[in-house]
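Enquirer:
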Amino acid sequence: MKIALTVNGRHQELEVEPRLLLVHLLRERLGLTGTNVGCDTTSCGACTVLLDGQSVKSCTVLAVQADGAEVTTIEGLSGPGGGLHPLQAAFQRHHALQCGYCTPGMVMAAVSLLAEHPHPTEEEVRRGLEGNLCRCTGYQGIVDAVLEVARSGGGVEP
Amino acid sequence: MTSMVGAAVVRKEDPNLLTGRGTYVDNLQLPGMLHMAFVRSVEAHARVRAIDGTAAGAIPGVLGVFTARDLPELPPIPTAVPGLERPSLARDRVRFVGEPVAVVVAEDRYLAADAVARVAVDYDPLPPVPDLETALAEGAPLLFPEHGSNVYTEVPPAGDAEAELAAAPRRARLRLVNQRCAPAPMEPFGVVADWGPKGLTVWASCQSAHFVRGQLSQLLAVPYRGIRVIAPDVGGGFGAKQSWYPEYVVAALLSRRLGRPIKAVETRSENLVAMTHGRAQVQDVEVGFDDSGRILALRVMVTQDAGAYPGDAVGLPMLTMVMSAGCYRIPTVVTGYRAVATTTTPVAAYRGAGRPEAAYLIERVVDLVSDETGVDPIEVRRRNFLPADAFPHTTHLGFAYDSGDYDKALRRLLEMIDYEGLRREQAARREDPERPLMGIGFSTFVELGGVGPSAMMEGLGMLGGWESARARVNPDGTVTLAVGTSPHGQGHETAFAQIAADVLSLPLDRIEVVHGDTDVVQEGIGTFGSRSIAVGGEAVRRASLRAREKATRVAAHLLEAAPEDVELRDGRFFVRGSPDRGLGWEEVANKAYRPTQLGDLEPGIEVTAFYEPSLTTCPSGAHCCVVGVDRETGRVTVERYVGVDDCGVVINPLMARGQVMGGVAQGIAQALYEQVSYSESGQPLASTLAEYLVPSAAEMPRFELDHVETPTPVNPLGAKGLGESGATAAPQAVVNAVIDALSHLGVRDLQMPLTPERVWRAMQTATGGAV
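Here the protein sequences come in this chain order: A and B. FYI, in my numbering the residues of the first sequence are 1 to 158. FYI, in my numbering the residues of the second sequence are 159 to 929.
1. Anything in the segment 326–338 of chain B with a Cβ closer than 8 angstroms to a Cβ of chain A? List those residues in chain order, please.
2. If you reduce the DSSP assignment to three classes, tell me which class W624(B) lands in.
3. Does any CB atom of chain A fall closer than 8 angstroms to the CB of G820(B)?
4. Is it right to say M1(A) is buried, meaning 16 or more other beta carbons lie within 10 angstroms of its own, or is it exposed?
5. Along chain B, in chain order, which residues have C-beta atoms closer than 8 angstroms to that of I142(A)?
6. Please return the same chain residues whose Cβ sits closer than 8 angstroms to the Cβ of S78(A), not counting the five positions on each side in sequence.
7. Out of curiosity, what's the CA-to-CA distance linking A213(B) and S644(B)?
8. What number of angstroms, rounded off, separates the C-alpha of F603(B) from the C-alpha of V724(B)?
9. With three or more beta-carbon pairs closer than 8 angstroms as the criterion, would you say the segment 743–758 of chain B touches the segment 611–623 of chain B?
10. Determine the contact status of T315(B) and M459(B), defining contact as a CB-CB distance below 8 angstroms.
11. Between A885(B) and the rest of its own chain, which residues show a CB-CB distance below 7 angstroms, the 5 nearest in sequence each way excluded?
12. In whole angstroms, what separates the C-alpha of T478(B) from that of Q462(B)?
13. So for A601(B), helix, strand or coil by DSSP?
14. From which residue to which residue does the beta strand (DSSP E) around L863(B) run?
15. One question on the structure: do P594(B) and L377(B) come within less than 8 angstroms of each other, judged by their Cβ atoms?
16. From D448(B), A517(B) and A432(B), pick the residue whose C-alpha is nearest to that of Q441(B); which is it?
17. Less than 8 angstroms separating the beta-carbons of A692(B) and N810(B)?
18. Residues in its own chain within less than 7 angstroms of E171(B) by CB, not counting five upstream and five downstream?
19. For V641(B) and W402(B), what's the separation of their Cα atoms in angstroms?
20. Using a Cβ-Cβ distance cut-off of 8 angstroms, determine whether D391(B) contacts chain A.
21. What does T311(B) pair with, by DSSP beta-bridge criteria?
22. Thinking just about the alpha-carbon of each residue, which of E537(B), H554(B) and S778(B) is nearest to the one in Y564(B)?
23. Below 8 angstroms CB to CB, which residues in the same chain sit around R711(B) once its five sequence neighbours on both sides are set aside?
24. Do you know how far the Cα of W743(B) is from the Cα of G395(B)?
25. With DSSP as the reference, label N873(B) as helix, strand or coil.
26. Please classify H11(A) as buried or exposed, where buried requires at least 16 neighbouring CB atoms within 10 angstroms.
27. Run down chain B in chain order and give the residues with a C-beta less than 7 angstroms from the C-beta of I74(A).
28. If you reduce the DSSP assignment to three classes, tell me which class T60(A) lands in.
29. For the structure I just gave you, are there three or more beta carbon pairs, one from the segment 658–677 of chain B and one from the segment 189–198 of chain B, closer than 8 angstroms?
30. DSSP three-state call for P18(A): helix, strand or coil?
31. Compare the C-beta of A658(B) with all C-beta atoms of chain A and state if any pair is closer than 8 angstroms.
32. Rounded to the nearest angstrom, how far is the Cβ of A713(B) from that of L741(B), given a contact under 8 angstroms?
33. To the nearest angstrom, report how far apart E405(B) and H117(A) are at their CA atoms.
34. So, helix, strand or coil for V834(B), using DSSP?
35. Please determine if the segment 777–792 of chain B and the segment 725–735 of chain B are in contact, where contact requires at least 3 C-beta pairs separated by less than 8 angstroms.
36. Where do the N-terminal and C-terminal ends of the alpha helix (DSSP H) with M1(A) fall, by residue?
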């Protein structure tokens with residue numbers, strides 16, 4: 001099937017198999033390997049991207065479902081040569097990552113969370129990121145990074 | 159220049175990983191690359207009668223379906239018991255659900271999955287052996303009839319300590335289940351193998367590229383020089399990526415046969431049945447003590463569920479035995495173990511590997527003694543602690559503890575928690591039926607870090623227990639460090655640069671760390687056993703020292719002074735007493751590569767150091783968990799988690815906290831949520847992350863952490879290692895807290911994981927249904 005979509009601001013037209021998952025379109029057809037795959041049951045959130053501004057788990061979205069949509073991946077979060085997005089910088093400051101495998105999905109989920117709830121409580125951050133698993137950090141650095149960006153109030157536009 | 163060791167600098171690794179530029183194995187795309195997938199056994203125990211790959215092979219884009227018979231060159235995987243090798247692809251018999259029985263190769267991963275689904279395997283089922291009870295029953299079905307028993311190995315205790323237990327004023331016994339857990343790193347296991355005329359290159363999601371090369375060389379009978387192994391960014395491992403998996407040799411041989419690179423990456427469902435599991439011990443413990451809470455005798459019998467093949471699980475209970483007495487002086491300790499075959503996923507190292515099982519055991523025993531005697535759990539610990547002047551301490555098995563001050567961490571912990579206040583709150587909540595019950599649990603633990611020396615590691619099938627580092631000062635005065643350990647998330651690039659920065663008096667951003675490529679890095683051992691800082695870090699320090707010595711000789715020549723008169727400070731070399739007449743690193747480094755200006759000195763600054771530790775180190779600490787228990791549902795909430803760790807000298811406090819938090823999170827997860835269980839027919843009941851409950855941010859508490867410092871005398875850095883401490887500390891802190899919450903009801907024992915149902919049932923049983 002032929003689909004057209006915008007990925008990180010670039011218009012793309014592709015011929016895809018109906019069964020192709022969005023995450024594999026991104027990773028294998030477009031070379032955007034920042035989005036990782038951590039499970040096959042929509043449980044871990046490593047593959048989280050923004051679809052028309054909403055966070056989705058791209059391992060359970062078919063590429064054809066993204067036809068006509070706008071997709072933002074971790075690679076599209078900061079402009080070319082634009083340095084780190086405020087959330088990315090806060091993740092580094094708070095040691096919110098170790099192996100880094102869940103990180104792109106976690107950052108994208110956090111972007112979406114802050115877009116919906118610009119001033120979350122700690123409890124709301126923890127609940128809001130419930131769909132994203134991290135096996136390394138115990139989450140405290142992640143939660144602190146998100147809270148810090150929320151407090152500083154800026155730069156969470158996807 | 160301020161010291162970099164001890165500075166909470168942010169990680170050099172992060173910008174790459176945060177912007178999606180990680181180099182995990184599955185990101186690798188090579189020209190002509192094929193995808194490989196295993197057909198895995200759906201039976202726990204069966205004879206394989208026939209495998210029909212015709213329909214699968216007919217799918218366009220599928221290059222082949224291969225069984226063990228098609229790959230006669232495929233070597234088996236050696237195990238800890240000679241004669242009980244694990245076939246890389248099952249031949250006539252399968253012994254666990256998930257065991258590879260055939261392999262397909264296709265142009266893409268979708269076609270490979272299609273082909274796997276169309277391979278027909280005809281099984282002739284054998285009786286499953288899903289648990290220890292079945293395995294050890296009279297007349298049990300045998301996994302290896304030729305072995306004559308389901309007991310792989312057995313180390314009987316040296317005596318039964320019956321006299322000492324009988325002589326003790328009081329005695330008590332416990333049967334503890336340290337349940338089977340899945341390491342579940344976020345990145346499943348994967349390899350890419352490319353075997354062409356120039357040799358074999360393997361990219362692997364592993365903990366030691368050098369170990370993988372050594373194994374490949376041995377199993378494939380190919381010289382080291384013909385094999386390059388690369389561990390790119392690795393998405394977590396927790397011990398399980400040190401295990402050996404069939405993909406290594408199968409992908410390599412198929413790549414050679416088909417003449418194209420091959421990628422094999424697990425799905426999560428595969429990962430949960432194929433990646434080695436951890437823990438899986440039952441411990442029968444008996445303790446003798448007196449009315450004051452002094453422990454007089456301890457007898458421990460460990461039964462290790464090793465799973466379908468006798469791999470690293472056979473060594474785990476040895477570590478449990480070594481650490482059984484924890485941080486206590488117990489006059490009589492006897493320990494023994496059996497490692498037992500079951501038709502389940504093989505068991506191997508998981509964060510702590512045998513030591514969390516020991517810490518859980520002894521800390522549950524201490525609380526039992528407290529409960530029996532009425533002596534406060536803090537006081538029981540203090541009455542039995544090895545005192546700070548007892549080191550080096552030799553345990554019942556002749557193993558040496560290097561150093562420790564267990565009461566120091568406990569004192570700091572008590573400052574942080576307000577113990578009396580917590581006990582008052584607990585009492586008040588017991589009286590208030592509207593509020594959840596509250597419990598306070600402690601864990602004063604000791605474990606092993608800095609794993610080596612070589613005599614011990616050789617016994618475990620490793621090349622050695624040393625580590626290596628090479629320091630190259632480039633002609634511009636920047637430094638490239640090549641290290642023999644290879645990280646899977648720890649932050650070696652930052653920590654090692656900090657150690658070198660201090661020795662070389664250079665800023666952190668002038669030092670680059672490379673690792674995980676056998677063509678680039680000298681021989682190394684790997685990352686496991688909390689050894690990267692304590693062993694690898696000391697190798698870095700030594701290589702840096704040697705580089706500084708060489709640079710000092712170059713500077714001395716240029717300054718026309720004797721080397722012993724030249725000092726290095728703030729990045730400048732100068733003659734002692736004349737700091738204004740000095741040379742910067744840039745100039746010294748540049749001249750080091752210009753023989754015309756070096757006199758008789760050999761050009762270049764590049765040195766390698768190998769460091770062999772004399773002993774293992776013993777990180778320790780004191781942790782406290784406060785839980786709430788819902789009276790209606792039995793649901794446990796971790797209300798506070800406070801931990802004080804003593805890992806000797808801390809290199810980077812930010813990363814040290816991260817290691818403790820991550821480890822504690824895994825420990826809490828084991829205590830409350832995680833378990834791999836099997837049905838009676840041997841089917842795994844948790845084969846996705848929807849059923850295997852890795853906790854999210856919503857379940858985790860805010861951690862309150864601190865460190866005290868008892869340096870190890872083993873290495874000049876004074877560092878003991880920390881990676882496994884959190885996972886070793888936490889389970890018993892949580893379980894002791896829940897038992898404490900329910901102790902007034904008469905609850906004395908609970909088995910992990912403390913699911914709401916288990917806790918609720920315990921409350922119902924204790925109270926006859928009237929909580």
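Built from N, CA and C at the ideal position, the CB exists for glycine as well.
Expert: In brief:
1. Residues of the segment 326–338 of chain B whose Cβ lies closer than 8 angstroms to any Cβ of chain A: none.
2. Working through the second sequence from its first residue, we reach residue 624(B) at position 466. DSSP places W624(B) in coil when its eight states are reduced to three.
3. Taking the second sequence and counting its residues from 1, the one referred to as residue 820(B) is at position 662. Judged by the 8 angstroms Cβ criterion, G820(B) is in contact with chain A.
4. Here residue 1(A) refers to the residue found at position 1 when the first sequence is read from its first residue. With fewer than 16 other Cβ atoms within 10 Å, it is exposed.
5. Against the first sequence, residue 142(A) aligns to sequence position 142. Simply A855.
6. Here residue 78(A) refers to the residue found at position 78 of the first sequence. Only L84, H85 and Q88 meet the Cβ criterion.
7. Working through the second sequence from its first residue, we reach residue 213(B) at position 55. Working through the second sequence from its first residue, we reach residue 644(B) at position 486. If you take the alpha carbons of A213(B) and S644(B), they lie about 42 angstroms apart.
8. In the second sequence, counting from the first residue as 1, residue 603(B) sits at position 445. In the second sequence, counting from the first residue as 1, residue 724(B) sits at position 566. Here the C-alpha atom of F603(B) lies approximately 46 angstroms from the C-alpha atom of V724(B).
9. Using a C-beta cut-off of 8 angstroms, the segment 743–758 of chain B makes no contact with the segment 611–623 of chain B, since fewer than three inter-stretch Cβ pairs fall below that distance.
10. Residue 315(B) sits at position 157 when you count from the first residue of the second sequence. Residue 459(B) sits at position 301 when you count from the first residue of the second sequence. A small fix is needed here, since residue 315(B) is Pro in this sequence, not Thr. Cβ atoms of P315(B) and M459(B): closer than 8 angstroms.
11. Translated into the one-based positions of the second sequence, residue 885(B) becomes position 727. Once the five neighbours on either side are set aside, the close Cβ partners of A885(B) are R509, G510, P514, G821, Q824 and G825.
12. For this step, residue 478(B) is matched to residue 320 along the second sequence. For this step, residue 462(B) is matched to residue 304 along the second sequence. In a straight line, the C-alpha of T478(B) is about 10 angstroms away from that of Q462(B).
13. Looking up residue 601(B) in the second sequence gives position 443. Rather than Ala, the amino acid found at residue 601(B) in this sequence is Ser. Here S601(B) sits in strand by DSSP.
14. Position 705 of the second sequence, counted from the start, is the residue given in the question as residue 863(B). From DSSP, the beta strand (DSSP E) with L863(B) extends over F861 to H865.
15. As a position in the second sequence, residue 594(B) is number 436, starting the count at 1. As a position in the second sequence, residue 377(B) is number 219, starting the count at 1. In this structure, P594(B) lies away from L377(B), with their beta-carbon atoms at least 8 angstroms apart.
16. What you label residue 441(B) is simply residue 283 of the second sequence in a count that begins at 1. Taking Q441(B) as reference, the option from D448(B), A517(B) and A432(B) with the minimal CA-CA separation is A517(B).
17. As a working mapping, residue 692(B) is identified with position 534 in the second sequence. As a working mapping, residue 810(B) is identified with position 652 in the second sequence. The beta carbons of A692(B) and N810(B) sit no closer together than 8 angstroms.
18. For the purposes of this step, residue 171(B) is taken as residue 13 along the second sequence, with counting starting at 1. Beyond the five residues adjoining it in sequence on each side, E171(B) comes within less than 7 angstroms, by CB distance, of G649, E651 and T652 in the same chain, given in chain order.
19. Against the second sequence, residue 641(B) aligns to sequence position 483. Against the second sequence, residue 402(B) aligns to sequence position 244. Counting only the Cα atoms, W402(B) lies some 22 angstroms from V641(B).
20. One-based indexing of the second sequence puts residue 391(B) at position 233. The beta-carbon of D391(B) is placed less than 8 angstroms from the nearest beta-carbon of chain A.
21. The residue you call residue 311(B) lines up with position 153 of the second sequence. By DSSP's assignment, T311(B) forms a beta bridge with A497(B).
22. Reading the second sequence from its first residue, position 406 is the one you call residue 564(B). Nearest C-alpha to Y564(B) among E537(B), H554(B) and S778(B): S778(B).
23. As a working mapping, residue 711(B) is identified with position 553 in the second sequence. For R711(B), where only same-chain residues beyond five positions count, the Cβ hits under 8 angstroms are P721 and L759.
24. Translated into the one-based positions of the second sequence, residue 395(B) becomes position 237. Translated into the one-based positions of the second sequence, residue 743(B) becomes position 585. So the two alpha carbons sit approximately 38 angstroms from each other.
25. Indexing the second sequence from 1 puts residue 873(B) at position 715. In the three-state reduction of the DSSP assignment, N873(B) falls in the coil class.
26. Here residue 11(A) refers to the residue found at position 11 of the first sequence. The residue in question, H11(A), is exposed, as its Cβ has fewer than 16 Cβ neighbours within 10 Å.
27. Taking the first residue of the first sequence as position 1, residue 74(A) is located at position 74. Chain B residues near I74(A): T177 and G178.
28. Along the first sequence, one-based indexing puts residue 60(A) at 60. Residue state for T60(A) is assigned as helix, using DSSP reduced to three classes.
29. Contact fails between the segment 658–677 of chain B and the segment 189–198 of chain B, because fewer than three Cβ pairs, one in each stretch, are under 8 angstroms apart.
30. For the purposes of this step, residue 18(A) is identified with residue 18 of the first sequence, where counting begins at 1. Here DSSP, grouped into helix, strand and coil, assigns P18(A) to coil.
31. One-based indexing of the second sequence puts residue 658(B) at position 500. When Cβ-Cβ separations below 8 angstroms define contact, A658(B) makes no contact with chain A.
32. On the second sequence, residue 713(B) is found 555 positions in, with the first residue counted as 1. On the second sequence, residue 741(B) is found 583 positions in, with the first residue counted as 1. 5 angstroms between Cβ atoms; contact.
33. Taking the first residue of the second sequence as 1, we reach residue 405(B) at position 247. Taking the first residue of the first sequence as 1, we reach residue 117(A) at position 117. Using only the alpha carbons, I get a separation of about 45 angstroms.
34. Here residue 834(B) is taken as the residue at index 676 of the second sequence, counted from 1. Looking at V834(B) - three-state DSSP - the assignment turns out to be coil, as it is neither helix nor strand.
35. Of all C-beta pairs linking the segment 777–792 of chain B to the segment 725–735 of chain B, fewer than three are shorter than 8 angstroms, placing the two stretches out of contact.
36. For the purposes of this step, residue 1(A) is taken as the residue at position 1 of the first sequence. The continuous stretches of alpha helix (DSSP H) do not include M1(A), and DSSP gives it neither H nor E.
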